[in-house]
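Asks:
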Amino acid sequence: MNGTVEIKSVGPIEYVKIGINRVNLFIGPQSSGKSTISKIFSQCLYAEKHYILTGEEKDMYRGLLDFHNFDEGYFSKDSYIHYSSKWLSITLSFEEGESPCFVSIYETKESDERYNNCKVQYLPAERNLLATIPNLERLGYTRENLRTLVDDWFEHKDRYKSTRFSVKLADLAFDYRYDEVGIFKDKERDTIRVNGVSIDLQNASSGQQSVLPLLLIAEGVCDSVLGTKRMLSVQEKRHIERKISKAKEILLSMLDSIHQWAEDEQTEEYNYYHLEEIWKDIGYSPIYNHTHLIIEEPEQNLYPSTQRSLTSRLIELLHRDKRPHTLTLTTHSLYILYALNNCMLAGLAKEKGNEAGIPALLSSSAIHPSEVSLWAVGDGKVQSLQNPEDGLIQQNGLNEQLRETMDYVYELLPLAIEPKM
5 MNGTVEIKSV
15 GPIEYVKIGI
25 NRVNLFIGPQ
35 SSGKSTISKI
45 FSQCLYAEKH
55 YILTGEEKDM
65 YRGLLDFHNF
75 DEGYFSKDSY
85 IHYSSKWLSI
95 TLSFEEGESP
105 CFVSIYETKE
115 SDERYNNCKV
125 QYLPAERNLL
135 ATIPNLERLG
145 YTRENLRTLV
155 DDWFEHKDRY
165 KSTRFSVKLA
175 DLAFDYRYDE
185 VGIFKDKERD
195 TIRVNGVSID
205 LQNASSGQQS
215 VLPLLLIAEG
225 VCDSVLGTKR
235 MLSVQEKRHI
245 ERKISKAKEI
255 LLSMLDSIHQ
265 WAEDEQTEEY
275 NYYHLEEIWK
285 DIGYSPIYNH
295 THLIIEEPEQ
305 NLYPSTQRSL
315 TSRLIELLHR
325 DKRPHTLTLT
335 THSLYILYAL
345 NNCMLAGLAK
355 EKGNEAGIPA
365 LLSSSAIHPS
375 EVSLWAVGDG
385 KVQSLQNPED
395 GLIQQNGLNE
405 QLRETMDYVY
415 ELLPLAIEPK
425 M
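Per the numbering used here, the very first residue in the sequence shown carries number 5; after that it's consecutive.
1) To the nearest angstrom, report how far apart L133 and I319 are at their CA atoms.
2) What number of angstroms, rounded off, separates the C-alpha of A222 from the C-alpha of S166?
3) Using a threshold of 9 Å, state whether the C-beta atoms of F98 and V14 are closer than that.
4) Between which residues of its own chain and S316 is the CB-CB distance below 7 Å, once the five residues before and five after are set aside?
5) Rounding to the nearest angstrom, what Cα-Cα distance links I340 and E102 in this structure?
6) Is the distance from the Cβ of L219 to the Cβ of N28 below 9 Å?
7) Taking Q125 and I298 to be in contact with their CB atoms under 8 Å, please state how far apart those CB atoms are, rounded to whole angstroms.
8) Rounded to whole angstroms, what is the Cα-Cα separation between R118 and D82?
9) Do E60 and Q239 have their C-beta atoms within less than 9 Å of each other?
10) Please name the residue in E415, S374 and G351 whose C-alpha comes closest to that of P392.
11) So what does DSSP say about P363, is it helix, strand or coil?
12) Among H294, Y84, R242 and T310, which residue has its Cα nearest to the Cα of T58?
13) Assign M410 to one of two classes, buried (16 or more other C-beta atoms within 10 Å of its C-beta) or exposed (fewer than that).
14) Between V9 and K123, is the Cβ-Cβ spacing less than 9 Å?
15) Hey, out of P128, P104, S214 and T295, whose CA is closest to T136's CA?
16) If you count every other CB in all the chains shown that lies within 10 Å of the CB of Y19, and 16 or more means buried, which is it?
17) Please state the DSSP three-state secondary structure of P290.
18) According to DSSP, simplified to helix, strand and coil, what is G37?
19) Do you know offhand how far L331's Cα is from S115's?
20) What residues match up with Y86 in a beta bridge as DSSP calls it?
So, in structure tokens, the structure goes:
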């Protein structure tokens, strides 16, 4: 587990206490609290990394309101959030007094394990606007999470001016390319190529418009974690200088040039060795090590077979470079749920030495059930959908929805084929 989150009386959530696993899935009716939980996940992970890297205590309450667009009505005097990991705990609660308000309390922990910086990437359900609205970068957004989403979209699609981004899913395959056009290169053109024909992305199908931003940003973030030499902020460098126990001028001077490592292999190995000494000394590394992807409603506008294929591709992405990437999904779709169950079955088959028999679609997306948490969200609470023995979906799972549909079929079928007597 990568930490635990406890939530009480926030929005539709009455009480929840769960661990953050490598893969987390929340399924339930609309407005049940799936996104509430995932956004709190996101805010906790971001607040943790910001505190460890800079020493600054972020206001959790303001973060949820300003970035994740929580309404003030989501909170009451009884509202409570507690996050705990190997490195620290963060508590958000209401405090009475002369100036009653919500207070965030940070407490550090002693840990022998080094903290490695994580890129927290939130992909909200509104992501399809990236593919439908022209000249998006010129529009103003009051919601901070949408501004960040637009920035991420432009950052990662810029890589595909000279090459193409390929989407190859079941019943959905196309290539994407981004161009800057016009005399002054002041206009953008997003095109996809389907069956040899190029069309503007704004005229593409809803499924193409939904899945492209999801995959392009998700894959771009995971790939960039491996290849990016991250430049430290002034605040981060000062925090390192305060924490370092031995004043080694040669090491401290390197903080200004982390992003300018020479291409010479020997020089880079030398720098890497000494940087590792710094990270060991202070107990954390500010260099990106992995990504936590949080995706709302990946099933948007997709056919069931495509939903299954997309689920496999997302799990495959976690394994791509052998880094500890993590994934959180919110969904209404049983197809996403059972596609993930298939990935877990493949993981068990792999554990038993039966890898050769795993279908091609699942061979690279197998994951052990111990790395996955499946939750049904409703009535302000969560319920595990997994069998405690093997971690797979319990037989009763969410079959109640299917049974209810079939009950109507059996009730109506005689009325539809037999005339009234």
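For every residue, glycine included, the Cβ atom is placed at its ideal position computed from N, Cα and C. Treat the numbers as computed from the prediction; the structure is a model and nothing was measured.
Replies: On the basis of the coordinates in this document:
1) Residue numbering aside, residue 133 sits at position 129 when the sequence shown is read from its first letter. Residue numbering aside, residue 319 sits at position 315 when the sequence shown is read from its first letter. Approximately 25 Å between the Cα atoms of the pair.
2) One-based indexing of the sequence shown puts residue 222 at position 218. One-based indexing of the sequence shown puts residue 166 at position 162. Cα-Cα distance, rounded: 20 Å.
3) Taking the sequence shown and counting its residues from 1, one reaches residue 98 at position 94. Taking the sequence shown and counting its residues from 1, one reaches residue 14 at position 10. Contact flag unset, no.
4) By 1-based counting over the sequence shown, the position of residue 316 is 312. For S316, where only same-chain residues beyond five positions count, the Cβ hits under 7 Å are A343, C347, L365, L366 and S369.
5) For the purposes of this step, residue 340 is identified with residue 336 of the sequence shown, where counting begins at 1. For the purposes of this step, residue 102 is identified with residue 98 of the sequence shown, where counting begins at 1. Roughly 49 Å separates the two Cα atoms.
6) What you label residue 219 is simply residue 215 of the sequence shown in a count that begins at 1. What you label residue 28 is simply residue 24 of the sequence shown in a count that begins at 1. Result no, Cβ atoms of L219 and N28 do not sit closer than 9 Å.
7) Against the sequence shown, residue 125 aligns to sequence position 121. Against the sequence shown, residue 298 aligns to sequence position 294. The pair is a contact, with the Cβ atoms about 7 Å apart (cut-off 8 Å).
8) What you label residue 118 is simply residue 114 of the sequence shown in a count that begins at 1. What you label residue 82 is simply residue 78 of the sequence shown in a count that begins at 1. Those two C-alpha atoms are separated by around 35 Å.
9) As a first step, residue 60 must be located in the sequence shown, where it is residue number 56. As a first step, residue 239 must be located in the sequence shown, where it is residue number 235. In this structure, Q239 lies closer than 9 Å to E60 by Cβ.
10) Counting from one through the sequence shown, the residue named residue 392 turns up at place 388. Considering only alpha carbons, the answer is S374.
11) Counting from 1 along the sequence shown, the entry for residue 363 is found at position 359. Of the three classes helix, strand and coil, the one that applies to P363 here is coil, per DSSP.
12) Start at 1 with the first residue of the sequence shown, and residue 58 comes out as number 54. Among H294, Y84, R242 and T310, the Cα nearest to that of T58 belongs to R242.
13) Translated into the one-based positions of the sequence shown, residue 410 becomes position 406. Result: exposed.
14) The count along the sequence shown starts at 1 and reaches residue 9 at position 5. The count along the sequence shown starts at 1 and reaches residue 123 at position 119. No, these two residues do not count as a Cβ contact at 9 Å.
15) Along the sequence shown, read from residue 1 onward, the residue named residue 136 stands at position 132. Among P128, P104, S214 and T295, the Cα nearest to that of T136 belongs to S214.
16) By one-based count along the sequence shown, residue 19 stands at place 15. Here Y19 is exposed. Its C-beta has fewer than 16 other C-beta atoms within 10 Å.
17) Your numbering for residue 290 matches position 286 in the sequence shown. Strand, per DSSP.
18) Reading the sequence shown from its first residue, position 33 is the one you call residue 37. Three-state result, G37: coil.
19) Reading the sequence shown from its first residue, position 327 is the one you call residue 331. Reading the sequence shown from its first residue, position 111 is the one you call residue 115. Approximately 24 Å, taken between the alpha carbons.
20) Here residue 86 is taken as the residue at index 82 of the sequence shown, counted from 1. A small correction: the amino acid at residue 86 is His; Tyr does not occupy that position in the sequence shown. E10 and T95, per the DSSP bridge assignment.
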